[in-house]
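In order, the protein sequence lines correspond to chains A and B. Using the working numbering, you'd call the opening residue of the first sequence number 1 and step up by one each time. Using the working numbering, you'd call the opening residue of the second sequence number 1 and step up by one each time. Even glycine gets a Cβ: it sits at the ideal position worked out from N, Cα and C. No experiment lies behind these values; they were computed from the predicted model shown.
There are 2 protein chains.
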Amino acid sequence: MQLTRHTDYGIRILIYLALLPKEDKASIDTISALYDISRNNVNKIVHQLGKAKVIETRRGKGGGFFLDQHPENINLGDVVMLLENTLEVIDCENQKCRILPACSFKGIINEASTAFIDVLRKYTLDDLIKSSKQDFTTIFNLSF
Amino acid sequence: MQLTRHTDYGIRILIYLALLPKEDKASIDTISALYDISRNNVNKIVHQLGKAKVIETRRGKGGGFFLDQHPENINLGDVVMLLENTLEVIDCENQKCRILPACSFKGIINEASTAFIDVLRKYTLDDLIKSSKQDFTTIFNLSF
DNA sequence: CGATAGATACATTTTATATGCATGTTATAA
DNA sequence: TTATAACATGCATATAAAATGTATCTATCG
Ligand code: SF4
Ligand code: SF4
């Protein structure tokens with residue numbers, strides 16, 4: 001029961017974007033260096049977030065990416081569900097489980113993972129930054 | 001975000017034990033054959049459940065294992081926490097994350113995984129079998 | 001055009017999970 | 001009491017998932 005780094009990296013990237021001044025763009029290389037995440041990982045995540053319209057990506061010279069919505073409108077539940085590929089906590093079918101027809105564990109697990117996501121749904125990207133903007137700017141050594 | 005098979009296997013084993021008539025014992029080989037799980041996997045799980053006093057194991061000829069408590073007293077939250085080795089949904093320290101001091105995501109994730117376990121905590125092993133004893137006996141071809 | 005920056009595809013490495021193999025230890029039934 | 005059934009334990013291997021690396025393509029700006 002663990003979130004993949006892919007997802008966590010995605011959150012980190014969004015946090016950074018949320019702190020950027022309006023009209024500023026980030027680049028894959030910047031983020032890769034900033035967080036010490038392999039360029040290709042960042043690439044993949046940015047692409048995924050772009051396709052899902054969480055961020056907007058611009059190719060070519062002077063390109064980059066930035067939030068497509070206000071941080072208050074970016075729901076953490078949605079983001080995690082997007083980045084985490086395995087929504088199902090257990091894949092009963094795929095392992096020809098003998099007791100499948102009688103088993104109610106899968107239902108309980110489902111209820112539990114819904115509860116998990118529901119907690120995340122209560123928060124937005126803004127909740128991650130609003131109370132610690134100062135700390136973040138110090139960490140990033142930004143001046144705005 | 002997925003439970004490991006190890007955990008799921010554990011649940012299956014407990015379900016089987018809960019259905020056994022009083023005073024009956026199961027063996028690693030029986031379970032291994034019944035669920036088509038590798039002998040060593042069953043071995044490890046049984047050992048773990050034994051150490052945690054969820055089941056009682058008896059060595060030697062005529063030995064085996066059986067529930068150490070009534071199914072109503074075996075809490076699914078406890079069992080899952082026991083079998084799932086990674087309780088932490090994300091290991092911030094271990095990846096020298098730059099924004100750790102300012103990040104509130106870990107707290108939110110923690111709240112979410114607590115919610116997950118709390119759902120499991122509402123159920124016991126008995127909940128898994130009480131409403132479908134008949135189905136299970138058919139599946140297992142038991143006659144009691 | 002030429003440089004920049006994301007898009008895409010595929011290969012490789014690393015890590016986590018699952019299984020296999022061997023052997024030890026203990027209890028009990030013959 | 002001795003053979004044997006059954007769990008205990010340690011380590012090795014195989015498999016699968018995740019993370020990272022390499023390469024090339026495409027779009028855009030100046
Ligand atoms: S035991 Fe239940 S939850 Fe687990 S694989 Fe079988 S049907 Fe699914
Ligand atoms: S971003 Fe937050 S949750 Fe993720 S590793 Fe860093 S401190 Fe932990």
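Reduced DSSP secondary structure (H/G/I, E/B, other) of residue i
i: E111 of chain B; result: helix
i: E150 of chain A; result: In the structure as shown, chain A starts at 1 and stops at 144, and residue 150 of chain A therefore has no counterpart that could be examined.
i: R5 of chain B; result: helix
i: I15 of chain B; result: helix
i: I37 of chain B; result: coil
i: S143 of chain A; result: At S143 of chain A the pLDDT is 44, less than 50, meaning the model places this residue with poor confidence; the figure from the coordinates comes in the next sentence. If DSSP states are grouped into helix, strand and coil, S143 of chain A belongs with coil.
i: K67 of chain B; result: This sequence places Leu at residue 67 of chain B; Lys is not what is there. In this structure, L67 of chain B counts as strand in the three-state DSSP scheme.
Residue j beta carbon less than 9 Å from that of residue i
i: Y16 of chain B; j: I28 of chain B; result: no
i: S104 of chain B; j: D127 of chain A; result: yes
i: Q48 of chain B; j: I90 of chain A; result: no
i: I13 of chain A; j: A26 of chain A; result: yes
i: I117 of chain A; j: G77 of chain A; result: yes
i: I45 of chain B; j: Y9 of chain B; result: yes
i: I139 of chain B; j: I99 of chain A; result: yes
i: D24 of chain B; j: P101 of chain A; result: no
i: H6 of chain B; j: N41 of chain B; result: yes
Chain A residues whose Cβ lies nearer than 8 Å to that of residue i
i: Q111 of chain B; result: The sequence given here has Glu at residue 111 of chain B, not Gln. Simply V119.
Interface residues of chain B facing residue i [CB-CB closer than 9 Å]
i: R12 of chain A; result: C97, R98, I99, C103, F105
i: L17 of chain A; result: Under the 9 Å cutoff, chain B gives no residues; its nearest Cβ is about 13 Å from L17 of chain A.
7 Å Cβ cut-off: residues of chain A touching residue i
i: D135 of chain B; result: P101, A102
i: L128 of chain B; result: S104, F105
Chain-ordered neighbours of residue i on chain B, where CB pairs are closer than 8 Å
i: L20 of chain A; result: Near L20 of chain A there are no residues of chain B at all, since even the closest Cβ is about 14 Å away, more than 8 Å.
i: I45 of chain A; result: Under the 8 Å cutoff, chain B gives no residues; its nearest Cβ is about 15 Å from I45 of chain A.
i: F65 of chain A; result: Chain B residues near F65 of chain A: none, gap ~19 Å exceeds 8 Å.
Proximal residues of chain B, C-beta to C-beta of residue i below 7 Å
i: R49 of chain A; result: The sequence given here places Leu at residue 49 of chain A; Arg does not occur at that position. In chain order: nothing, as chain B lies at least about 16 Å away.
i: D8 of chain A; result: I90
i: S38 of chain A; result: Correct list: empty, because the minimum Cβ distance to chain B is about 13 Å.
Check your understanding: Are three or more beta carbon pairs between the stretch 79-89 of chain A and the stretch 56-71 of chain A nearer than 8 Å?
Key -> At 8 Å Cβ cutoff, the stretches do not touch.
Check your understanding: Taking three-plus beta-carbon pairs below 8 Å as touching, is the stretch 112-129 of chain B in contact with the stretch 102-116 of chain A?
Key -> Short answer: they touch.
Check your understanding: Which ranges does the alpha helix (DSSP H) cover as unbroken runs of at least 4 residues, wholly within the stretch 76-137 of chain A, from first to last along the chain?
Key -> List check, alpha helix (DSSP H) in window: 76-83, 105-121, 125-129.
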